[in-house]
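Under this note's numbering, think of the first position of the sequence shown as 10, with each following residue one higher.
Positions of the beta carbon are idealized from the N, C-alpha and C atoms, including for glycine.
For clarity, every value in this text was computed on a predicted model and none was experimentally measured.
Contents: one structure, followed by commentary.
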Amino acid sequence: MAVRTAFVLLLGGAIARLLTHGPADGARTGWVLALFLVFGALCLFGRLGAPGPRYGERPTARHLLWLGTVLTLWLVLLTLEPSATWCTMPLLFTGLHQLPVRLAVPLAAVVVALVVVSEVRVSTGDFNPNLVLAPVALGTVATAVLVHGRQLAVRQRRLIDDLTRTRDDLAATEHYAGALAERQRLSAEIHDTLAQSLSSQQMLLQAAQRHWRTAPDAALAHVRDAADTADRALAEVRRFVGDLTPLDLAENSLVQALRGLAERSGTPGPAVEFRLDTAPGAPSPVPGRVEAALLRVTQQALANAREHSGAERVVITLTCLEDVVTVDIADDGDGFDARRPARVSRASGRGQGLPGMRRRAQRAGGALTVESAPGEGAVVSMSVPLVADGPRRQAP
């Protein structure tokens with residue numbers, strides 16, 4: 010903005026000098042004024058149709074054509090009106106600063122040389138060294154700013170790359186630490202349930218084997234006790250598998266777990282936002298297995314949005330009412346035809362996401378709905394009806 014403002018002011022000064030000190034020929038003054046106006050409009054608005062190259066990219070043919078046209082007009086004006094030299098500095102910054110250094114520096118040197126030739130050509134009286142030194146000094150400053158800016162851009166890019174690699178390494182370390190902590194927790198759970206049960210069964214069966222011939226009744230009692238222990242262990246295994254608490258819910262509430270999931274899933278990938286909508290009198294807390302199902306469905310839907318939809322924004326909304334709890338995961342991605350069943354690839358295991366989420370919602374006593382259309386994003390919703398003592402059971 011500052012460079013454009015300076016350009017407009019200097020262009021206005023050049024036009025004012027043309028009108029006040031220009032040649033007496035009104036026709037010549039008129040079309041030189043027209044060239045100034047075309048030159049100014051092209052410099053200010055031409056870049057909208059011919060944007061400069063981004064960092065690390067080569068300039069497009071359209072941008073080079075725009076730059077060549079601007080330089081040609083400036084050269085014509087420089088030949089006809091000496092005040093066109095006032096537009097040199099803004100031209101260096103607006104026209105050349107986005108080019109590669111190997112192109113920008115020679116072009117800047119040519120522009121400065123043309124300014125010196127023009128100043129010397131129209132000068133009168135004794136030779137003034139400032140006519141040569143001033144343009145060279147200004148061109149040197151502009152070129153130095155250009156090169157320094159490019160060096161800063163390179164350093165910034167390297168710093169961003171280093172930060173990205175560091176973030177990826179930190180995420181991998183945190184993932185490994187989380188997996189290790191979950192593995193240790195599972196180890197403790199298995200030790201306290203299955204290992205103890207199997208140890209008791211082994212001892213009872215060994216005792217039954219020792220008394221099988223000498224005390225059949227005692228041996229049979231040991232076998233019955235072992236069978237009862239096995240039944241209890243089987244029930245514990247089913248509870249353990251069905252109600253396994255996710256790591257994020259081990260020490261956090263569902264709201265904290267979803268908010269943390271949204272915060273962790275922001276970079277790299279789509280921006281994720283978490284919203285909470287709680288009605289007065291809503292039940293608290295939500296039963297544990299319902300919380301686990303809601304979190305797992307959210308994780309799967311978020312992974313689908315990140316990997317397959319090409320979404321730029323995802324919104325997770327948790328709604329807690331008096332008789333139902335709902336989580337909605339909405340994305341602005343490519344969408345899909347929700348009426349067509351997903352194709353399952355046995356080789357890759359893909360296509361099981363939505364059926365798996367539906368089964369998980371049904372086991373929690375709820376239901377899963379999907380709303381999507383090609384090009385319109387997708388909304389995945391899981392709702393679980395609640396009663397005073399937990400989720401309401403639904404008919405299979």
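**Study point:** Per-residue burial, R355 [other beta carbons within 10 Å of its own, 16 or more giving buried]
**Key:** Caution applies to R355, whose pLDDT of 37 falls short of 50 and renders its modelled position unreliable; the model cannot decide the point.
Exercise for review: Under the assumption that E316 contacts A280 (Cβ atoms under 8 Å), give the Cβ distance between them as a whole number of angstroms.
Suggested key: Taking C-beta atoms under 8 Å as the contact rule, E316 and A280 fail to qualify, at a distance of about 16 Å.
Review point. Going by the beta-carbon positions, is the gap between Q308 and L270 smaller than 8 Å?
Key: Q308 places its beta carbon less than 8 Å from that of L270.
Check your understanding: Should the segment 323 to 340 be called in touch with the segment 384 to 394, which here means at least 3 C-beta pairs below 8 Å?
Key -> Flag = yes, the segment 323 to 340 and the segment 384 to 394 touch.
Check your understanding: Quick one: what's got a C-beta closer than 6 Å to S209's C-beta in the same chain, skipping five residues either side?
Key -> Only T238 meet the Cβ criterion.
Practice item. Look at the alpha carbon of V232 and the alpha carbon of H220, and state the distance between them as a whole number of angstroms. Key: Distance between the alpha carbons of V232 and H220 is about 11 Å.
Point to revise | Assigned exposure category for R298 - 16 Cβ within 10 Å defines buried | key: Buried: at least 16 other Cβ atoms inside 10 Å.
Point to revise | Alpha-carbon to alpha-carbon, R268 and V121 | key: One C-alpha to the other measures close to 58 Å.
Review point. What is the DSSP secondary structure of A230, counted as helix, strand or coil?
Key: It is helical.
**Study point:** Bridge-paired residues (DSSP) for L327
**Key:** Beta-bridge pairing links L327 to L285 and V336.
Check your understanding: When DSSP labels each residue in this structure, what does G358 get in the three-state scheme?
Key -> At G358, the pLDDT of 40 sits below 50, so the modelled position is not reliable; the number obtained from the coordinates is stated separately. For G358, the secondary structure class from DSSP, reduced to helix, strand or coil, is coil.
Review point. Taking Cβ positions, are M366 and V323 nearer each other than 8 Å?
Key: Cβ atoms of M366 and V323: not closer than 8 Å.
Review point. Based on the DSSP secondary-structure assignment, which residues constitute the bridge partners of E385?
Key: Paired residues: none, contrary to the question.
Review point. Taking Cβ positions, are A288 and C329 nearer each other than 8 Å?
Key: Going by C-beta atoms, A288 is nearer than 8 Å to C329.
**Study point:** Cβ separation of V41 and L27, assumed to be a contact under 8 Å, to the nearest whole Å
**Key:** At roughly 6 Å, the Cβ-Cβ gap stays under 8 Å, so V41 and L27 are in contact.
**Study point:** Separation of L195 from P364, as counted between CA atoms
**Key:** Per the coordinates, the alpha-carbon of P364 lies some 26 Å from the alpha-carbon of L195.
**Study point:** Cβ pair L51, L82 closer than 8 Å
**Key:** A contact, by the Cβ cut-off of 8 Å.
Review point. What's the gap between the Cα of P225 and the Cα of Q211?
Key: Using only the alpha carbons, I get a separation of about 18 Å.
Review point. Which whole-angstrom value is the C-beta distance of G384 and D340, which I expect to be below 8 Å?
Key: For a cut-off of 8 Å, the C-beta gap from G384 to D340 is around 12 Å, too long to register as a contact.
Exercise for review: Could you check which residue in L303, L46, A151 and L155 has the C-alpha nearest to that of I325?
Suggested key: Residue L303 is the option with its Cα nearest to I325.
Review point. How would you call E331, buried or exposed, if buried means at least 16 neighbouring beta carbons within 10 angstroms?
Key: So E331 ends up on the exposed side.
Check your understanding: By Cβ distance, which residues of its chain are closer than 7 Å to L285, with the 5 residues on each side in sequence left out?
Key -> Contacts found: V264 and L327.
Check your understanding: Would P342 pass as a contact of G319 if the rule is Cβ separation under 8 Å?
Key -> Contrary to the premise, residue 342 reads as Gly rather than Pro in this sequence. It is a contact, given that the beta carbons lie within the stated cut-off.
Review point. To the nearest angstrom, how far is it from the Cα of R37 to the Cα of L44?
Key: Distance between the alpha carbons of R37 and L44: 11 Å.
Review point. Would F345 be called buried (16 or more neighbouring beta carbons within 10 Å of its own) or exposed?
Key: The residue in question, F345, is buried, as its Cβ has 16 or more Cβ neighbours within 10 Å.
**Study point:** Endpoints, alpha helix (DSSP H) assigned at L73
**Key:** Its alpha helix (DSSP H) spans residues A70 to L89.
Practice item. Reducing DSSP to helix, strand and coil, say where R322 ends up. Key: In the structure shown, R322 sits in a strand (DSSP, three-state: E or B).
**Study point:** Residue interval of the alpha helix (DSSP H) (run including A59)
**Key:** From DSSP, A59 is part of no alpha helix (DSSP H); its letter is neither H nor E.
Review point. L123 and L84: beta carbons closer than 8 Å?
Key: The answer is yes: Cβ separation under 8 Å.
Practice item. May I ask which residues mark the beginning and end of the alpha helix (DSSP H) holding L304? Key: Element bounds for L304: G297 to N313.
Review point. For V119, which of P138, E90, A301 and T149 has the nearest alpha-carbon?
Key: Nearest option by C-alpha distance: T149.
Review point. Given P144, which residues of its chain have a CB within under 6 Å of its CB, disregarding the five upstream and five downstream residues?
Key: Within the same chain, Cβ atoms closer than 6 Å to the Cβ of P144 are found at V121, V124 and V125, the five residues on either side in sequence being excluded.
**Study point:** Whole-number beta carbon distance between A93 and L74, since they are thought to touch under 8 Å
**Key:** That pair is no contact at about 21 Å.
Review point. At which residues does the alpha helix (DSSP H) containing R268 begin and terminate?
Key: Where R268 is concerned, the enclosing alpha helix (DSSP H) stretches over L263 to R273.
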